[in-house]
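Protein chains in written order, with this note's numbering: chain G, 4 to 117; chain L, 104 to 209. All C-beta atoms, glycine included, are put in the ideal place defined by N, C-alpha and C. First comes the structure, then the notes that go with it.
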């Protein structure tokens, strides 16, 4: 059974803190993604990675960075958390780019920044 | 620019039908659909390709009009298990739509 896991389901942080969100997939997928989900805005792509050590900006990368040192792990970093980063964060993976390959999502991390 | 979905929300009784639309301002080369049940991860439903090829769910159908840059998801004889938020997306651009919340009541 394919699996994408995220380190926390719920997280509460204070403004200005550095926040790490971890995502691990056990399917040997090449591609990994970070989205944020907000009511009425759907899923918006923050960053993605097509392979180890590679990263690309998505539509809303400001205030975020990522790290992919190992194939199975993709970390999202909030350098200095702000209240407008309160959101649901979803990680996803895909076997490779192109074609009909579906994305597999993790359960999400609901982050609240106070 | 995200694809825009309509309606934003729909409420159904079991057995009723619904159509969810996805419209893009940019060219669509393929469209995928996902469903997210409350508190769960989005799950792949189907993908539609240029030329009419379709891969995915056996109880939910969809159409893809490349010229109009639109896709529609057809849910017939809805079941309680259909409740959730539906997202369309563009696999090549990794962009998802704004979402449609569907609730089915007994």
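_Can you tell me which residues form a DSSP beta bridge with residue 35(G)?_
One-based indexing of the first chain puts residue 35(G) at position 32. The partner list for residue 35(G) (beta bridge, DSSP) reads 52(G), 96(G).
*Helix, strand or coil for residue 87(G), going by three-state DSSP, please let me know.*
Position 84 of the first chain, counting from 1, holds the residue named residue 87(G). Here residue 87(G) sits in helix by DSSP.
*asked:* Using a Cβ distance threshold of 8 Å, determine whether the region 18-29 of chain G contacts the region 47-62 of chain G, with at least three qualifying pairs required.
replied: no
*Pairwise C-alpha distance: residue 31(G) and residue 43(G)*: Along the first chain, read from residue 1 onward, the residue named residue 43(G) stands at position 40. Along the first chain, read from residue 1 onward, the residue named residue 31(G) stands at position 28. C-alpha separation (whole angstroms): 33 Å.
*Indicate whether residue 133(L) and residue 194(L) have their beta-carbon atoms separated by less than 7 Å.*
Within the second chain, the letter at position 30 stands for residue 133(L). Within the second chain, the letter at position 91 stands for residue 194(L). The answer is yes: Cβ separation under 7 Å.
*asked:* The beta strand (DSSP E) that contains residue 67(G), what's its start and end?
replied: Your numbering for residue 67(G) matches position 64 in the first chain. Note, residue 67(G): beta strand (DSSP E), 67-73.
*asked:* Counting only beta-carbon separations shorter than 7 Å, does residue 20(G) have a partner in chain L?
replied: Position 17 of the first chain, counted from the first residue, corresponds to residue 20(G). With 7 Å as the cut-off, residue 20(G) does not count as an interface residue toward chain L.
_Going by DSSP in three states, residue 184(L) sits in which element: helix, strand or coil?_
What you label residue 184(L) is simply residue 81 of the second chain in a count that begins at 1. It is helical.
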